[in-house]
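Below is one structure, written out as structure tokens; comments come after it.
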Amino acid sequence: MERLWAGDCAQLVRSWRVASLSGSGRATKQAVLQHRRAFEKLLQKIQGLPAVLPSLPLELTVLYNSLLFDLGSSDCIVEREPEGIRQGLLRVLEAGGVSGQDLSTEELWQKVLQEVPAEELRAPLHQLGVLQGVLWLAANRLGSITGLLRLLSGAKEPVLSPCPGGENELLALLRAWQVPADGGTSPLVVQSARDVREILWTAAAFLQGFQELEAGNLPAALSLLQLAATGFCSKRVLAQIYICLGCCTRQMGKPQTALQHLKQALQLDFQCLTALSQAAMVYHQLGEMDAELEALALLHEALDSPPPEAGSAASGSLVQTELLVHPLALVSLLRQPSPSEVKYLLAQRCLQAGRTAEAGEHYLDLLAVLQEGPRHQVPLHSQSALPRIPEVFLEAACALEQLGRHRDTIAVCEEVVSRTSDLTPEMLRIDLSSWDGAEAGSSSPRPRSGLSCDILPQKKESLRCILWRAAAYLHQGRAWAGLADSKEAITQFTRCLNDLLRVQLVSADGLHIGEVAAGALPEAAVLQKIRLLALVGRGTQFLELGRDRDALMNFQYALQVSPGDLAAASHLLQTLWKLDRRQEAAALWQKLQADSGQTEGQQEVPGSELPPLMATVLPSQCCCLQGPVTSSYSVV
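Those letters in the sequence shown? Residues 177 to 812, per the working numbering, in order.
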């Protein structure tokens with residue numbers, strides 16, 4: 177009977193090798209399922225009889241093959257404790273006349289290896305040990321693997337000193353593990369246990385390296401990832417290792433080395449578009465705008481093209497490194513951006529580089545996608561490069577305004593108004609009483625001890641909606657001014673100011689609202705900047721209509737909003753002179769001269785004080801477009 181079962185096993189192995197070499201990807205998957213069922217049936221026949229020592233080597237070999245097909249039929253190995261290995265160990269104990277039903281799997285391994293030392297069981301038990309290591313690695317049970325390897329190798333003491341090449345104890349034990357010969361020399365095994373051990377070593381180095389990278393232990397991560405790059409894996413996994421190496425060296429302040437790793441990843445697997453995305457980030461860090469834009473353009477073209485057909489698995493390999501390197505955090509690191517995210521980055525970077533025409537076209541393409549409906553939109557997550565949708569529209573309006581496409585600017589801003597009107601409250605009152613004023617010598621306020629400094633998320637969202645709509649009216653006012661329609665421009669500027677009046681920032685104990693708001697609510701700086709620009713814009717349009725006194729009042733209000741604003745002061749000075757109020761004009765001129773002397777050498781980049789929210793959606797002369805942005809918008 178044993179000889180008949182051995183013949184059936186050998187026939188199934190031969191059948192699988194032929195199918196894995198000649199079949200397509202789909203046919204190979206079908207063959208995996210068929211052979212899995214066949215080996216399960218054969219195992220049931222063998223285990224239908226009492227366990228005896230002479231037949232155990234064949235039984236454990238069939239069990240090994242059955243588990244290989246079980247793992248090979250999955251897209252990834254999830255945390256689980258399969259009953260197959262446990263039952264196999266219990267059968268070994270049964271043959272030796274030892275009981276172990278109440279023991280854990282780790283305890284079973286210890287009992288089997290210590291109490292049933294039959295030499296003929298050495299090879300099949302090592303085969304099962306390799307698969308047990310694979311399953312425990314998928315469950316991140318590194319200590320359990322280390323303990324099992326000590327038992328299998330007969331080591332009495334743990335490895336205490338660092339191993340050559342930066343290996344830790346687990347990797348050193350795996351490398352030194354003398355797995356009995358099988359695979360090509362045995363007609364009864366579908367995949368060599370030595371090959372699976374090499375895959376286990378590579379995956380262990382990779383995953384431990386990634387864990388160290390995630391924990392911020394960069395030197396340890398670099399050492400482990402470099403070891404993993406020398407291991408046994410496919411080009412796809414090797415490319416992923418190089419991406420992690422690029423991320424590690426970039427965080428270590430070595431951007432050029434990071435670029436070399438990312439280029440190696442692309443050379444290994446050109447479809448590994450995460451490497452191209454990471455390279456664009458490194459170029460951005462280095463300030464190499466042209467190289468960054470080229471990388472983003474290539475990335476968008478690749479993402480927008482139909483994905484290539486997935487290749488079939490390596491011939492005969494059921495357990496591969498890909499099955500073991502899919503923890504959620506790694507998937508997050510290797511996440512490919514969507515075409516919309518890349519299109520947005522292209523538009524934003526072109527706008528920052530002064531390539532306004534290209535930025536305008538990219539923004540219009542992106543807006544067309546966003547308006548097609550939810551199924552074309554990108555699901556937002558914590559790593560998304562896309563800001564809130566109204567901010568995308570406002571950035572587009574900024575680019576179109578710089579191009580002199582005033583009617584397009586008006587149309588884009590009208591979309592923002594229509595999207596936010598139903599979300600804008602009639603009045604928004606925000607209490608800042610829980611914040612102290614700025615301490616002496618401190619530039620920012622702090623939360624009062626014992627009081628909550630959190631502003632309700634609903635109120636923050638309402639404030640953002642007000643700011644988005646007010647900014648849209650501001651852009652429309654400037655666009656109508658560019659079309660020489662002063663009356664319509666004044667109407668839009670007035671709507672902008674009326675929206676801002678909906679916001680009331682209050683403090684019960686009489687603290688200076690501006691100082692408190694700067695610390696408690698960064699959006700307050702945006703509100704004040706929009707108010708300033710709207711007042712100056714409306715004042716200039718009143719001048720165009722010859723309504724000098726109305727213009728004068730707007731410029732005075734603008735200086736109250738921002739006392740040091742040179743544009744508002746200059747307009748006010750010219751208007752006073754035009755109204756023949758020479759004495760007031762002279763006094764203002766002297767004050768401006770005195771102020772400029774005090775602040776000489778301290779001039780800030782216009783708009784540099786704005787928080788990330790809408791920092792690039794205001795008119796160009798008031799937003800920081802001169803230099804590279806260090807971070808993307810947050811998705812709220």
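For every residue, glycine included, the Cβ atom is placed at its ideal position computed from N, Cα and C.
Query: Residue range of the unbroken alpha helix (DSSP H) whose run includes ARG525; Result: 515-528
Query: CB of SER493 within 8 Å of CB of GLN367, strictly; Result: yes
Query: Bounding residues of the alpha helix (DSSP H) (the contiguous stretch that carries GLN277); Result: Careful: GLN277 lies outside any alpha helix (DSSP H) and carries neither H nor E.
Query: Option nearest ALA314 by Cα separation, candidates ILE375, GLY330, ALA299; Result: ILE375
Query: Buried or exposed (CB count within 10 angstroms, at least 16 for buried), PRO563; Result: buried
Query: Cα-Cα separation, LEU180 to LYS221; Result: 11 Å
Query: Backbone secondary structure at GLN680 - three-state DSSP; Result: strand
Query: Per DSSP, the bridge partner or partners of ILE606; Result: LEU681
Query: Backbone CA spacing between SER619 and HIS502 [nearest angstrom]; Result: Any reading at SER619 must be qualified, since the residue scores a pLDDT of 44, below 50, and its modelled position is unreliable; the value itself is stated next. Spanning the two alpha carbons is a distance of roughly 46 Å.
Query: Touch test, the segment 703-720 against the segment 654-674, Cβ-Cβ under 8 Å, three pairs minimum; Result: yes
Query: Nearest-angstrom Cα separation, counted from PRO233 out to VAL292; Result: 13 Å
Query: Supposed contact pair LEU347 and TRP377 - C-beta distance, whole angstroms, cut 8 Å; Result: 6 Å
Query: Length of the line joining the Cα atoms of LEU279 and GLU477; Result: 57 Å
Query: Assigned exposure category for GLY740 - 16 Cβ within 10 Å defines buried; Result: exposed
Query: DSSP-derived helix/strand/coil call for GLU548; Result: coil
Query: Validate contact between the segment 215-230 and the segment 513-533 using beta carbons, cut 8 Å, 3 pairs; Result: no
Query: Span of the alpha helix (DSSP H) around THR751; Result: 742-754
Query: Cα-Cα separation, LEU509 to ALA471; Result: 18 Å
Query: Reference CYS185, options THR204, ALA195, LYS217, LEU209, closest by Cα; Result: LYS217
Query: Helix, strand or coil at ASN674 [DSSP, three-state]; Result: helix
Query: Where VAL228 sits in the DSSP three-state scheme; Result: coil
Query: 8 Å Cβ shell around ALA176 - same chain, five flanking residues per side excluded; Result: Only positions 177 to 812 of the chain appear in the structure, and residue 176 is not among them; the question remains open.
Query: Boundaries (first-last residue) of the alpha helix (DSSP H) holding VAL208; Result: 201-223
Query: SER399 - DSSP class collapsed to helix/strand/coil; Result: helix
Query: Range covered by the alpha helix (DSSP H) that runs through PRO431; Result: 431-444
Query: Local Cβ density within 10 Å of GLN797, reported as buried at 16 or more and exposed below that; Result: Unreliable positioning characterises GLN797 in this predicted model, as indicated by a pLDDT of 42, which lies under 50. The coordinate reading is nonetheless provided below. Classification of GLN797: exposed, given that the 10 Å Cβ count is below 16.
Query: Short Cβ contact (8 Å threshold) for VAL592 with ALA665; Result: no
Query: ASP445, buried or exposed, once every other Cβ within 10 Å from all chains shown has been counted against 16; Result: buried
Query: Whole-Å CB distance - GLU498 paired with SER410, under 8 Å assumed; Result: 7 Å
Query: C-beta contact flag for LEU764 and LEU742 at 8 Å; Result: no
Query: DSSP state of GLN766 mapped onto helix, strand, coil; Result: helix
Query: Segment limits, alpha helix (DSSP H) that includes HIS302; Result: 298-314
Query: Neighbour-count burial assignment, GLY407, 16 or more Cβ in a 10 Å radius; Result: buried
Query: Rounded distance between the beta-carbons of ALA203 and TRP192, thought under 8 Å; Result: Going by Cβ atoms, the distance from TRP192 to ALA203 rounds to 12 Å, so no, they are not a contact pair.
Query: Reduced DSSP secondary structure (H/G/I, E/B, other) of ASN730; Result: helix
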